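Colleague:
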Amino acid sequence: MVDYSVNGSVAVLMVNNPPVNALGHAVRVGLKTGIERGAKDSRVRSIVIIGKGQTFPAGADIREFGKPSKEPWLTAVGNLIETCSKPVVAAIHGTCLGGGLEIALFSHYRIAVSSARVGFPEVTLGLLPGAGGTQRLSRLTGLPVAMEMISSGRHVPAKKAKEYGIIDEIVSGDLLKTALKFAQEVQSRPFKDRCLRYKVVPNADRVEEYASAALTQVKKKYKGFEAPVTCVQAVRSSAELSYEEGMKRERDLFLQLGQSGQSKAQQYAFFAERAVTKWQMPGGSYKTAKPLPVRSTAVIGGGTMGSGIAVCLLSAGLPVYLLEQNEKFLQSGVKLIENIMAGSVKLGKVSMETAKRAATLLKPTLSYDDIKDVDLVIEAVFENLDIKKEVFSKLDKICKPSAILCTNTSTIDIDRISSATSRPEKVVGTHFFAPAYHMKLLENIYGTKTSPEAVATVMKLGKTINKVPVLVKSCHGFLANRMNAPFGSEAIFLVEEGASPQEVDQVNEDFGMPMGPFKVRDLSGIDISWRINREVAKVLGTSITKETRFLGGNRYCGLNDDFYDKGRYGRKTGKGWYLYEKVGGKNAVADPEAEEIINSYRQRRGIVKRKITPQEIFERQFYSAINEGFRILEEGICNMPEEIDISWIYGFSYPKYRGGPMFYASQIGLQRVYDRICHYHETCPYSIHWVPNRLLKKLAENNVPFTQWANHVSKSKM
Ligand code: CAA
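Going from the sequence shown to the working numbering is simple: count from 1 and add 26.
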């Protein structure tokens, strides 16, 4: 795991633990032994630590977390490095993260190639750097930078790291050769003053001011997360305590975070995000299917979704034809793209160079002929089967045979769309979430005839455009919207029965959702849900009237329609479920007129308002979604609960520190969840979504641990 060799007067400790050289037990032992050996070796006058393959160690081995820790601990290895009688040089390439950066900070010198990145991402796992990182970084960079870097987990490019004082030199050419030369040069220099433990924290007397500014920032930016606040507290202690006391404080805070549910959930989310890349479908998988190259693209439709999708492609450096049906719509699409780009530059999310390059890559057009040679097309027209079929029939005639034809449908079965083409194997769903340029989920959907090659192409595309792609089998609503349907319906039923929109939103926001469902409805537009309901009715061969109480055998609430009838479409009209300060405003306040609409709706229907507890609000929304999640698993719409959780985290901003709805259900206990679902099935009999799912029942009865749910899924499908 750590190869020891001597080159002239320099010992080289080469960490060899692919893929990321994580600092697992064997690596820690190897580093300890290597330093001890180098210290004793009479040929050796300095030591280099370097990573084999792609990277310097990218941190502790996260797979060891939660298991009994084995000595030597990272701090002990670090202490050996820092107190070594010979200078130690960390030679950095790739990603020097977490425990890896701690090892580098224990070393006396740090050199890096320009492409390297350093950082403390522990906070993203609900932790803090537990081997001195919070005590040592501030001694090098000062408190504000240390507080920001550690509480954000940001990866810092080598050039910036040098400005901060973390890297001593940026080097070019062969890293090992340069490191050997550097290590030789420093042999004759005294290096005790390079040990960070002896340094004082710059401007330590201003710690109060820095900490309070950092806390204000993190509480706003990472609402609900425990770790960022604790990170600031730990860094703060580096200025208030001696080095030894600070290290102890860091350890205590690390253990405190390690035991929290948030940390477990965030670690789960880390691996879940990687698990979903290992997709499978009938006839192929990530192992067997090869993606086709995507060098040019087209987006059909320049509305809100189409232009947002175009921004994603353009930002990744892909040329995009934006196709619209007339000049007016085309210009409006181009304007939307320009505005999104300008806004992203302003917020620092996109560089000026990227925005300028995007402008040259965008090709607005009104002609299907222009897109005949593109590798991939994404249709983003109105959610209407007839319109989509018309578009796909045209694409089928125009596009080259190898082109992948994607639809951004949010609900319609892929087979119904691909039936308009002679190449259903090339048709695949790429469902983006609004706003498309911001939300990270890309729900890729395969129909019965979609080829694994087409799926491999869109899974790769997802990564290219910096999304988290999740693969699901086609069905009405797919994964995310199918689960969101009972979640959203229950919100409105709760208001129908007596809760206020504010009460429902508050429960959601207290749980950690960034916005309650009624604020979301106001944002996305009450007119949109009004239209979607009509489309659903049309598919079901019926229509919605003031008297409608059931749709497709499910309970239906017409409150949304009453708001629509009053022209209250949400933010875009300055009022919806809430009142806003202006048209397009963001500040939602309760509105007596909205309350009046709700009251008169209840009166008309003879509903006597009742008091509804926060617990009932929570359970009815989240447990109904969980029940649907198990149905989705049982039907094989996805293969593992991780796919559901990642969809919620990146599609609906579900709080990562709760892991996702399925992981959360496992934490509550499936038996309890199942019992409550049975309770609501009895008390809310008119909703199909409360029929308790069989798979959930089976897993609950057999007390199956979360990690084995997926095995039961495949068994239940057979
Ligand atoms: N421990 C264990 N496994 C790890 C790992 C780690 N620290 N980092 C990555 N891996 C695994 C991944 O799970 C993945 O495994 P599979 O192929 O089996 O799915 C594999 O390595 C490759 O990872 P990625 O797919 O993420 O590769 P990438 O090239 O896209 O990204 C990376 C590389 C930037 C290093 C990214 O993996 C990453 O961010 N890793 C986590 C880094 C981190 O959080 N370090 C801090 C750890 S905590 C710590 O160090 C605490 C402490 O001080 C005590």
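Where a beta carbon is used, it is the ideal one built from N, C-alpha and C, also for glycine. From a predicted model like this one, the values you see are computed outputs, not experimental measurements.
Here's the rule I'm using: 16 or more other beta-carbon atoms within 10 Å means buried, otherwise exposed. How should K743 be labelled?
Modeller: For K743, the predicted model reports a pLDDT of 46, less than 50, meaning its position is unreliable; a value from the coordinates is still stated below. Burial call: exposed.
Colleague: In whole angstroms, what is the alpha-carbon distance linking K188 and G309?
Modeller: If you take the alpha carbons of K188 and G309, they lie about 50 Å apart.
Colleague: Near K741, which residues of its chain fall below 6 Å by C-beta distance, leaving aside the five closest residues on each side in sequence?
Modeller: Annotation note: pLDDT 49 at K741 (below 50); position unreliable, coordinate value reported separately. Once the five neighbours on either side are set aside, K741 has no close Cβ partner at all.
Colleague: Tell me the rounded alpha-carbon separation between V46 and E276.
Modeller: So the alpha carbons of these two residues sit roughly 25 Å apart.
Colleague: Taking only the alpha-carbon atoms, compute the straight-line gap between R547 and G596 and give it to the nearest angstrom.
Modeller: Rounded to whole angstroms, R547 to G596 spans 7 Å at the Cα level.
Colleague: Starting from the C-beta of P44, find all residues in its chain whose C-beta is less than 7 Å away, skip the five residues before and the five after it, and write them out in chain order.
Modeller: These residues qualify, in order along the chain: G79.
Colleague: Nearest-angstrom Cα distance between F732 and Q528?
Modeller: Roughly 34 Å separates the two Cα atoms.
Colleague: Taking 8 Å as the cut-off, decide whether the C-beta atoms of T437 and G503 are in contact.
Modeller: Contact: yes.
Colleague: List the DSSP bridge partners of I499.
Modeller: Correcting the residue identity first, residue 499 is Lys in this sequence and not Ile. Paired residue(s): Y472.
Colleague: Does the distance from the CB of A100 to the CB of A86 come in under 8 Å?
Modeller: Position check: residue 100 holds Leu in this sequence, whereas Ala was assumed. Closer than 8 Å, so yes.
Colleague: Rounded to the nearest angstrom, what separates D422 and R557 at their Cα positions?
Modeller: Rounded to the nearest angstrom, the two C-alpha atoms are 28 Å apart.
Colleague: Between V337 and the rest of its own chain, which residues show a CB-CB distance below 8 Å, the 5 nearest in sequence each way excluded?
Modeller: Hits under 8 Å: I363, I366, M367, S370, A384, A462 and Y463.
Colleague: Where does V227 sit, in a helix, a strand or coil, going by DSSP?
Modeller: Three-state DSSP puts V227 in coil, outside helix and strand.
Colleague: In three-state terms, what does DSSP make of K741?
Modeller: Low per-residue confidence applies at K741: pLDDT is 49, beneath 50, and the placement is therefore not dependable enough to give any value.
Colleague: With H, G and I counted as helix, E and B as strand and the rest as coil, what does DSSP make of R162?
Modeller: Note: R162 maps to helix in three-state DSSP.
Colleague: So, does the region 312 to 332 touch the region 395 to 407, judging by three or more C-beta pairs under 8 Å?
Modeller: The region 312 to 332 is in contact with the region 395 to 407.
Colleague: Output needed for G332: all residues of its chain with C-beta closer than 6 Å, excluding positions within five of it in sequence on either side, in chain order.
Modeller: So the qualifying residues of the chain are V325 and A406.
Colleague: In three-state terms, what does DSSP make of L696?
Modeller: Correct three-state label for L696: helix.
Colleague: Quick one, are the C-beta atoms of R165 and L222 less than 8 Å apart?
Modeller: Their beta carbons are under 8 Å apart, which means R165 touches L222 by this criterion.
Colleague: Is the separation between the beta-carbon of G64 and that of V28 shorter than 8 Å?
Modeller: No, they are not a contact pair.
Colleague: Excluding the 5 residues flanking D531 on each side, which residues of the same chain have their C-beta closer than 8 Å to its C-beta?
Modeller: The answer, listed in chain order, is M541, G542, P543, F544 and K545.
Colleague: Out of R657, A48 and F217, which one is the CA nearest neighbour of E717?
Modeller: It should be pointed out that residue 717 corresponds to Val in this sequence rather than to Glu. It is R657 whose Cα lies nearest to the Cα of V717.
Colleague: Please find out if some non-hydrogen atom of the ligand CAA comes closer than 7 Å to the beta-carbon of A48.
Modeller: Because some heavy atom of the ligand CAA lies under 7 Å away, the Cβ of A48 counts as near it: yes.
Colleague: Quick one, are the C-beta atoms of L497 and M688 less than 8 Å apart?
Modeller: Contact flag unset, no.
Colleague: Can you round the beta-carbon distance between A138 and I129 to whole angstroms, since I take them to be within the 8 Å contact cut?
Modeller: About 13 Å separates the two Cβ atoms, so there is no contact after all.
Colleague: For N776, I'd like the list of residues in its chain whose CB is within less than 6 Å of its CB, leaving aside the five on either flank, ordered along the chain.
Modeller: Any question about residue 776 goes unanswered here, given that the chain covers just 27 to 744.
Colleague: Confirm, please, whether the CB-CB distance from E607 to N613 is below 8 Å.
Modeller: A contact, by the Cβ cut-off of 8 Å.
Colleague: Between which two residues does the alpha helix (DSSP H) containing L722 stretch?
Modeller: Looking at the DSSP string, the run of the alpha helix (DSSP H) that includes L722 is R720 to E727.
Colleague: Could you compute how far the alpha carbon of V244 sits from the alpha carbon of S393?
Modeller: Going by the C-alpha atoms only, they are around 49 Å apart.
Colleague: What number of angstroms, rounded off, separates the C-alpha of I694 from the C-alpha of S341?
Modeller: Roughly 41 Å separates the two Cα atoms.
Colleague: Bridge partners of T391, per DSSP?
Modeller: Partner(s): L349.
Colleague: If contact is defined by three or more beta carbon pairs under 8 Å, each pair taking one atom from either stretch, is the region 247 to 263 in contact with the region 631 to 646?
Modeller: The answer is no - the region 247 to 263 does not touch the region 631 to 646, with fewer than three Cβ pairs under 8 Å.
Colleague: Could you compute how far the alpha carbon of V114 sits from the alpha carbon of V74?
Modeller: Roughly 6 Å between the two C-alpha positions.
Colleague: With C-beta atoms as the reference, is Y152 less than 8 Å away from S263?
Modeller: Checking the sequence, you will find Gly at residue 152 rather than Tyr. Cβ atoms of G152 and S263: not closer than 8 Å.
Colleague: Can you tell me where the alpha helix (DSSP H) with T11 in it begins and where it stops?
Modeller: Here the chain comprises residues numbered 27 to 744, so residue 11 is not present and cannot be evaluated.
Colleague: Taking buried to mean at least 16 other C-beta atoms within 10 Å of its own C-beta, is E271 buried or exposed?
Modeller: By the 10 Å Cβ count, E271 comes out exposed.
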